[in-house]
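Chains as they are written, first to last, in my numbering: chain R, 4 to 155; chain X, 10 to 260. All C-beta atoms, glycine included, are put in the ideal place defined by N, C-alpha and C. Step one of this worksheet: look at the structure below.
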Amino acid sequence: MNIADAAVEAAGIQPGMSWSQLHQAVATAFGHPITIAPTAERIPPTITGLTLYKKDHAQILFKRTDDALYSGHSILHEFGHILLDSFACSAQAGAISNDLSNGVIRVRTRELDLDSMDPLARVTEDAAERIAFLLARAVYGRQFTPEEMFFG
Amino acid sequence: MATTPEAFSRAVGASMRAEIAAAGLNVAGVAKQMGISRPVLTNYIAGVRSAPISVIQRLAEVLEIQPDTIVRRAQERLADAERQAIQAAAADAPAGRVIKMAVVPELPNRGSLPRKLNLLVAAMPADRRTADIFQVVQGALTEQGIAILKRDWEAVLAGESVVTLSDEALGVIAKLFAVNPSYLTDNDPNLEESVDAKLEFAIAMHDLDVQEVAARSVGGLSPADLRELTATIRAAVHTAEDKRASIDRES
């Protein structure tokens with residue numbers, strides 16, 4: 004089992020969950036509340052998703068102007084990183100941009116230009132993307148009864 | 010190096026004597042104008058007794074200068090004396106161990122240095138800011154054989170210093186704060202804009218108690234983008250806090 008599947012299983016993510024149940028399951032795995040909010044202000048066009056980690060909670064921001072499907076995927080991807088961090092303490096595996104951090108705040112930028120990503124960050128990014136897929140299947144995928152699984 | 014009250018009194022006395030001489034007057038004449046005896050004024054000037062504020066104020070009136078001029082110049086005397094002591098100690102330092110002063114006479118391109126240094130200090134994480142920032146800076150400089158006085162550091166930060174920090178000292182400080190040394194030593198507007206935006210971002214995150222930011226980005230962030238992001242995060246965090254406060258009130 005790869006780390007993405009293991010993180011999803013450890014969080015108790017089940018097929019057929021509602022968004023609310025999924026949100027609660029990820030927050031439980033994280034150990035703190037997670038708020039999700041559209042931003043009233045404009046996020047620079049190069050940013051597609053943003054998570055703020057505070058001492059006692061996390062805040063996922065998405066663009067108010069983005070299409071719901073795109074925003075939904077961005078949120079699931081951020082859930083993926085939170086589950087990875089919670090499951091494997093993989094925070095260290097994130098790409099830490101020394102340039103942006105200046106040593107003054109821990110800032111992880113997940114650069115989607117794969118040519119410039121370091122290999123470890125790429126693995127983390129791939130895992131988060133796989134979790135996003137697994138979570139999407141849990142909340143959006145058609146659910147079959149055991150009989151339907153075989154007979155449709 | 011802590012200044013003893015006796016040393017400070019002597020420095021104030023020396024400053025009083027220098028200001029009297031600069032005004033082209035003598036001690037006896039000034040004492041008369043001040044309405045005190047010459048021996049009393051001589052004791053203050055010699056640092057035998059500490060001059061009270063009322064005496065400094067009266068002397069300043071007679072000399073037609075601001076009272077704080079006397080105290081400020083006394084502080085400058087003390088700083089000079091400490092620098093000389095450090096330089097004297099440097100002469101006795103073991104071979105190969107060079108001690109230099111962090112401050113040098115004013116240099117070009119230093120106009121924005123106080124603002125930049127204050128930004129760097131403000132951008133320090135809370136756990137490092139609890140320590141005396143001067144001690145952190147002094148420690149880093151000392152490791153490189155560079156000496157700095159606290160009053161020089163504070164004066165440079167306040168933009169009130171007649172001296173500035175050397176390129177070498179700024180290089181050490183830049184390394185300590187993980188910024189490009191040219192940010193402190195030069196006036197490259199592009200570099201300034203870029204680093205300023207990053208530092209302002211970090212300061213905002215500290216203000217908001219944000220410990221980490223994870224952002225998915227499909228390209229680089231310009232300084233303008235970063236400032237926009239800073240404003241967005243500020244607004245989002247404040248909105249979330251307002252909502253939580255509202256929920257707390259309702260419950």
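- For residue 56 of chain R, the chain X residues whose C-beta falls within less than 8 Å of its own C-beta are 219, 220, 221, 222, 223, listed in chain order.
- Between residue 51 of chain X and residue 115 of chain X, the CB-CB gap reaches or exceeds 8 Å.
- Per DSSP, the beta-bridge partners of residue 174 of chain X are X/112.
- In this structure the stretch 80–91 of chain X lies against the stretch 15–31 of chain X, because at least three pairs of beta carbons, one per stretch, are closer than 8 Å.
- Contacts with chain R at 8 Å (Cβ-Cβ) do not include residue 182 of chain X.
- At a cut-off of 8 Å, the C-beta of residue 16 of chain R has no neighbouring C-beta in chain X.
- According to the DSSP secondary-structure assignment, residue 57 of chain R is paired through a beta bridge with X/219.
- Contact between the stretch 207–221 of chain X and the stretch 22–32 of chain R is absent: fewer than 3 CB-CB pairs across the two stretches fall below 8 Å.
- Think of a sphere of 9 Å around the beta carbon of residue 246 of chain X: the chain R residues whose beta carbon falls inside it are 55, 57, 62, in chain order.
- Close CB contacts of residue 164 of chain X within its chain, under the 7 Å cut and outside five residues either way in sequence, are with 170 (chain order).
- Not one beta carbon of chain R lies nearer than 8 Å to the beta carbon of residue 155 of chain X.
- Of all alpha-carbon atoms in R/137, R/125, R/139, R/138, the one lying nearest the alpha-carbon of residue 225 of chain X is that of R/125.
- With respect to chain X, the C-beta atom of residue 42 of chain R has a partner C-beta closer than 8 Å.
- CA-to-CA, the gap between residue 221 of chain X and residue 56 of chain R works out to about 5 Å.
- Under the three-pair Cβ rule at 8 Å, the stretch 46–54 of chain R counts as touching the stretch 64–78 of chain R.
- Here residue 251 of chain X is exposed: its Cβ has fewer than 16 other Cβ atoms, across all protein chains shown, within 10 Å.
- DSSP, read as helix, strand or coil, puts residue 83 of chain R in helix.
- By the C-beta density criterion, residue 62 of chain R is buried, having at least 16 other C-beta atoms within 10 angstroms.
- Residue environment: residue 74 of chain R is assigned as buried (16 or more neighbouring CB atoms within 10 Å of its CB, all protein chains considered).
- Interface residue (Cβ-Cβ distance to chain X less than 8 Å): residue 45 of chain R is classified as such.
- The three-state reading of DSSP puts residue 149 of chain X in helix, counting H, G and I together.
- Within its own chain, the residues whose Cβ lies closer than 7 Å to the Cβ of residue 78 of chain R, once the five positions on either side in sequence are excluded, are 39, 63, 65, listed in chain order.
- Under the three-state reduction of DSSP output, residue 127 of chain R falls in the helix class.
- Shown here, residue 158 of chain X sits in coil according to DSSP, grouped into three states, outside any helix or strand.
- Contact between residue 237 of chain X and residue 45 of chain R holds, with the beta-carbon distance rounding to 6 Å and staying under 8 Å.
- In the three-state scheme derived from DSSP, where H, G and I count as helix and E and B as strand, residue 124 of chain X is classed as helix.
- The continuous stretches of beta strand (DSSP E) do not include residue 46 of chain R, and DSSP gives it neither H nor E.
- Between residue 60 of chain R and residue 85 of chain R, the C-beta spacing is not below 8 Å.
- Burial of residue 137 of chain R is indicated by the presence of at least 16 other C-beta atoms within 10 angstroms of its C-beta.
- Nearest in C-alpha terms to residue 157 of chain X, of all of X/71, X/91, X/245, X/64, is X/91.
- Look at residue 13 of chain X here: in three-state DSSP terms it is coil, with no helix or strand label.
- For residue 242 of chain X, same chain residues with a beta-carbon under 6 Å away, outside a window of 5 residues either side, do not exist.
- Within chain R, the residues placing a beta-carbon under 8 Å from that of residue 242 of chain X are 53, 55, 64, ordered along the chain.
- Between residue 210 of chain X and residue 248 of chain X, the C-beta gap is not smaller than 8 Å, which leaves the two residues out of contact.
- At a C-beta separation below 8 Å, residue 237 of chain X has these neighbours in chain R: 44, 45, 46, 47.
- Counted as a single uninterrupted DSSP element, the alpha helix (DSSP H) harbouring residue 67 of chain X occupies residues 62–72.
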